[in-house]
Amino acid sequence: MLRAQVFLWAYILIFFPASVVAQGLGVNWGVIASHPLDPKIVVNILKDNGIKKVKLFHAEHDILTALSGTDIEVMVGIPNHSLESLSEKYSVAQAWVKANITAYMGKKGVNFKYVAVGNEPFLAAYNGTYNNLTLPAMKNILKALNEAGVGKDIKVSTPLNGDVYITPTYKPSDGIFRHDLADIMNGICEFLHKNDAGFIVNIYPFLNLYQNPGFPEPYAFFDNDDSNSMDDHGVKYRSVLDANIDTLVAALKVANFSDIPIIVGEVGWPTDGNIYATTKNAKKFYNGLLKRMATNEGTPLRPKQYPDVYMFSLLDEDLKSIDPGMFERHWGIFSFDGQPKFPMDLSGKGQNKSLVGGKNVKYMEKQWCVYNKDASNQKDLAVKVAWACNSTDCTTLVPGASCSGMGIDMNASVAFNMYYQMANQTKGACDFEGLAKIVKQDPSNGTCRFPIMIKTIQTTSNSNASAPKSSRSSTPSSSTSHSPFQTHSPSPSSSPFHSPLLIFQFCVGIFTIWFV
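With mature numbering (1 follows the signal peptide of the UniProt record, and there is no 0) applied, the sequence shown corresponds to residues -22 to -1, 1 to 494, in that order.
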């Protein structure tokens, strides 16, 4: 009897996943971080939580190596700066496929499912830079995949922002593609249709709320009553995400491509850096989204199946551009060190479950850098803090963020500690001419957490076409769309720099208030 029970438990452990997730759920994995988490640890996070789909923004050798042999479905991206060379020279596409796809395939290789060519290349803010480059690049990549014998198994698409379609009446059923992109979108859709690939769109309800002061907050979430809904000829839309998806469905129908599957390439909610960016709101958003996915009822215009969805994002990234907003570094459902931020039931059943965090994460010493209020040169404090913030991450200090409104001691300590931790706790990084000191007791207070940095892991790109060199998220969208559903969605930026003038003015403003 005992042996039978042992066998039963062994069977369960082997043949049943550690966690059950909603059908079609994946996650974006970005690495714009000062101290990237070991890819092996990240892959174990995916496996431990039952996440079977991952989207990468470019090919990283260490990440692809860690994903090898896991059966996790991989969508690997190609950054916009590579579109010109890929569109002009087929040999470049051949080289990219050889270096980043076939080199990682085999019996225990990477389970590639998609190559995402470019990232939101038709943003209005780009002024048409990539309009005539994207489709030729997609065709060359597909040709190279076919030549390598893997074109039937690996699809080619391009992630697009919601600003490629509009609805002149604000109703989803009247959705059409942007007039200036009509011919280009027809070509893209024809390519996707011919090759049985999905239309990838990035949608951000949070940005609807952030960018539009009059936007009804409940409509950014799910399960709202009629008072916060959109009426479309008797159909009630109770979430902007569903309305946005159906605006695209309508646009595809007008273009005579009704059967192209839709993939939501990015959707999520940040947890810091803005009054709306909180763990409470993130939990609320994801709970609603996952429940919608679990029902698999689809949207009013596509009622049979909800689209595949890639959450944005897996981990916080402390080097992302903050030009779109101070929340940009806080999109992760896990913190930078792979620890879950809030309870989350990936199955969509609404249980108060905790995600499985990263294991065997190596941290630096348990010590922090804080403001020394006994220093003699207090008049220099504002300038020193501004300097620190220009070189580190002070996004938790903005109004409404987790460390805001806690007084001058905490403001200075947050800035000094972030600089110290990102500088690998080197002794000289905690001085500021005597205004800072090292302490062994955790200075965290309430919602304001003082992190200890993890030991860095250097990742390497496999080719020039793998590493992003341009920041899409640093340029705000200038779309004049009439649709209330369109947003300029954030995405990884390659820039390791902040916006110095913005941060300096912000910090000086904080300390001016306290010293007046």
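Built from N, CA and C at the ideal position, the CB exists for glycine as well.
Query raised in the report: In or out: residue 281 buried (at least 16 other Cβ within 10 Å) or exposed?
Result: As a first step, residue 281 must be located in the sequence shown, where it is residue number 303. Flag for residue 281 reads exposed.
Requested in this report: Measure the Cβ-Cβ separation of residue 377 and residue 178 and say whether it is below 8 Å.
Outcome: Here residue 377 refers to the residue found at position 399 of the sequence shown. Here residue 178 refers to the residue found at position 200 of the sequence shown. Cβ distance not < 8 Å, so residue 377 and residue 178 don't count as in contact.
Query raised in the report: Can you name, in chain order, every residue of its own chain whose Cβ lies under 7 Å from the Cβ of residue 270, other than the five neighbours on each side?
Result: Taking the first residue of the sequence shown as position 1, residue 270 is located at position 292. Within the same chain, residue 270 has close Cβ partners 200 and 284.
Query raised in the report: Is residue 6 buried or exposed, if buried means 16 or more other CB atoms sit within 10 Å of its CB?
Result: Numbered from its first residue, the sequence shown carries residue 6 at position 28. Buried: at least 16 other Cβ atoms inside 10 Å.
Query raised in the report: Does the beta-carbon of residue 520 have 16 or more other beta-carbons within 10 angstroms, so that it is buried, or is it exposed?
Result: Because the chain is modelled from -22 through 494, residue 520 falls outside the range shown and cannot be assessed.
Query raised in the report: Among residues of its own chain, excluding the 5 on either side of residue 381, which ones have a beta-carbon nearer than 7 Å to its beta-carbon?
Result: Counting from 1 along the sequence shown, the entry for residue 381 is found at position 403. Excluding residues within five positions, the ones whose Cβ falls inside 7 Å are 374, 375, 388, 392 and 426.
Query raised in the report: What distance in whole Å lies between the Cβ atoms of residue 277 and residue 220, which are believed to be in contact at a cut-off of 8 Å?
Result: To locate residue 220, count along the sequence shown from 1; it is residue 242. To locate residue 277, count along the sequence shown from 1; it is residue 299. That belief holds up - the Cβ atoms of residue 220 and residue 277 are roughly 5 Å apart, short of 8 Å.
Query raised in the report: Taking DSSP as the reference, what is the three-state secondary structure of residue 67?
Result: Against the sequence shown, residue 67 aligns to sequence position 89. It is coil, neither helix nor strand.
Report task. Pick out whichever of 97, 81 and 98 has its Cα sitting closest to the Cα of residue 90. Result -> As a first step, residue 90 is located in the sequence shown; it is residue number 112 there, counting from the start. In this structure, 81 is the residue among 97, 81 and 98 with its C-alpha nearest to the C-alpha of residue 90.
Query - Cα-Cα separation between residue -3 and residue 385, rounded to whole angstroms - result: As a first step, residue -3 is located in the sequence shown; it is residue number 20 there, counting from the start. As a first step, residue 385 is located in the sequence shown; it is residue number 407 there, counting from the start. Spanning the two alpha carbons is a distance of roughly 44 Å.
Report task. Count the other CB atoms, across all protein chains shown, that sit within 10 Å of the CB of residue 143; report buried if there are 16 or more and exposed otherwise. Result -> The residue you call residue 143 lines up with position 165 of the sequence shown. With 16 or more other Cβ atoms within 10 Å, it is buried.
**Report entry** Helix, strand or coil at residue 416 [DSSP, three-state]
**Finding:** Position 438 of the sequence shown, counted from the first residue, corresponds to residue 416. Residue 416 falls in the strand class under three-state DSSP.
Requested in this report: Tell me where the alpha helix (DSSP H) around residue 125 begins and ends.
Outcome: Position 147 of the sequence shown, counting from 1, holds the residue named residue 125. Run containing residue 125: 112 to 125, per the alpha helix (DSSP H) assignment.
Query raised in the report: Near residue 163, which residues of its chain fall below 6 Å by C-beta distance, leaving aside the five closest residues on each side in sequence?
Result: As a first step, residue 163 must be located in the sequence shown, where it is residue number 185. If you ignore the 5 residues before and after residue 163, its C-beta comes within less than 6 Å of the C-beta of 155, all in its own chain and listed in chain order.
Report task. Look at the alpha carbon of residue 368 and the alpha carbon of residue 334, and state the distance between them as a whole number of angstroms. Result -> As a working note, residue 368 is residue 390 in the sequence shown. As a working note, residue 334 is residue 356 in the sequence shown. When rounded, the distance between both Cα atoms is 34 Å.
Query - Opening and closing residue of the beta strand (DSSP E) in which residue 240 lies - result: Locating residue 240 in the sequence shown gives position 262, where the first residue counts as 1. It spans 240 to 245 - the beta strand (DSSP E) in which residue 240 sits, taken as one unbroken run.
Query raised in the report: Count the other CB atoms within 10 Å of the CB of residue 190; is the residue buried (16 or more) or exposed (fewer)?
Result: As a first step, residue 190 is located in the sequence shown; it is residue number 212 there, counting from the start. Exposed, by the Cβ-count rule.
**Report entry** Contact set for residue 223: own chain, Cβ-Cβ below 6 Å, skip 5 residues either direction
**Finding:** Sequence index remark: in the sequence shown, residue 223 carries index 245 (1-based). Spatial neighbours of residue 223 in its own chain (CB-CB distance under 6 Å, excluding positions within 5 residues in sequence) are listed in chain order as 277.
Requested in this report: Return helix, strand or coil for residue 182, following the three-state DSSP convention.
Outcome: Sequence index remark: in the sequence shown, residue 182 carries index 204 (1-based). Of the three classes helix, strand and coil, the one that applies to residue 182 here is coil, per DSSP.
Query raised in the report: Going by other Cβ atoms of all chains shown within 10 Å of its Cβ, with 16 needed for buried, is residue 110 buried or exposed?
Result: To locate residue 110, count along the sequence shown from 1; it is residue 132. Within a 10 Å sphere around the beta-carbon of residue 110 sit fewer than 16 other beta-carbons, which makes this residue exposed.
Requested in this report: Please classify residue 175: does DSSP put it in a helix, a strand, or coil?
Outcome: Against the sequence shown, residue 175 aligns to sequence position 197. Residue 175 falls in the coil class under three-state DSSP.
Query raised in the report: Which residues does DSSP pair with residue 4 in a beta bridge?
Result: Working through the sequence shown from its first residue, we reach residue 4 at position 26. In DSSP, residue 4 forms a bridge with 288.
Query raised in the report: Tell me the DSSP bridge mates of residue 423?
Result: Along the sequence shown, read from residue 1 onward, the residue named residue 423 stands at position 445. Answer is 426, bridged to residue 423.
Query - Sheet register partners of residue 293 (DSSP bridge) - result: Residue numbering aside, residue 293 sits at position 315 when the sequence shown is read from its first letter. In DSSP, residue 293 forms a bridge with 312.
Query raised in the report: Ordered along the chain, which non-local residues of its own chain (more than five positions away) have a Cβ less than 7 Å from that of residue 313?
Result: Start at 1 with the first residue of the sequence shown, and residue 313 comes out as number 335. Hits under 7 Å: 294 and 319.
Report task. With DSSP as the reference, please indicate the residues paired to residue 51 in a beta bridge. Result -> Taking the sequence shown and counting its residues from 1, the one referred to as residue 51 is at position 73. Answer by DSSP bridge pairing, in chain order: 31 and 89.
Query raised in the report: In three-state DSSP terms, what is residue 387?
Result: Walking along the sequence shown from the start, residue 387 turns up at place 409. Helix at residue 387.
Query - Nearest-angstrom beta carbon gap, residue 94 and residue 54 [assumed within contact, 8 Å] - result: The residue given as residue 54 occupies position 76 in the sequence shown. The residue given as residue 94 occupies position 116 in the sequence shown. Contact between residue 54 and residue 94 holds: their C-beta atoms lie close to 7 Å from each other, under 8 Å.
Query raised in the report: Hey, how far is the Cα of residue 218 from the Cα of residue 150?
Result: As a position in the sequence shown, residue 218 is number 240, starting the count at 1. As a position in the sequence shown, residue 150 is number 172, starting the count at 1. Using only the alpha carbons, I get a separation of about 10 Å.
Report task. Indicate whether residue 340 and residue 433 have their beta-carbon atoms separated by less than 8 Å. Result -> Against the sequence shown, residue 340 aligns to sequence position 362. Against the sequence shown, residue 433 aligns to sequence position 455. Yes, Cβ-Cβ distance for residue 340 and residue 433 is below 8 Å.
Query - Which listed residue (419, 288 and 244) has its alpha carbon closest to that of residue 51 - result: Counted from its first residue, the sequence shown places residue 51 at position 73. Ranking 419, 288 and 244 by Cα distance to residue 51 puts 288 first.
Query raised in the report: Is it buried or exposed for residue 60, if we count other Cβ within 10 angstroms and need 16 for buried?
Result: As a working mapping, residue 60 is identified with position 82 in the sequence shown. Result: buried.
Query raised in the report: If you compare alpha carbons, which of 297, 336, 329 and 75 is closest to residue 311?
Result: On the sequence shown, position 333 is the one that residue 311 refers to. Considering only alpha carbons, the answer is 336.
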